[in-house]
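S.K.:
Numbering (the numbering used here), first residue to last: 365 to 432.
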């Protein structure tokens, strides 16, 4: 949420772009997918480096994450 606040405050995102109640935790996503019959094989975080303009995978799933 801090990243979102910083983006809104720096005028990179319009206010109201994100709603905290719409965010899912990794555990919530895993549970939803399991109920739909999808097994999560792996989950990884991803981080943006503003100095290089590149995204990379990370072990930290606390902010941005992907699963398959």
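In this text, a Cβ means the ideal position worked out from N, Cα and C, and glycines have one as well.
1) Please state the DSSP three-state secondary structure of residue 396.
2) Roughly how many whole angstroms lie between the Cα atoms of residue 391 and residue 428?
3) What's the gap between the Cα of residue 400 and the Cα of residue 423?
4) For residue 386, does the three-state DSSP call read helix, strand or coil?
M.R.: Judging by the given coordinates:
1) helix
2) C-alpha separation (whole angstroms): 13 Å.
3) 25 Å
4) In the structure shown, residue 386 falls within a helical segment according to DSSP collapsed to helix, strand and coil.
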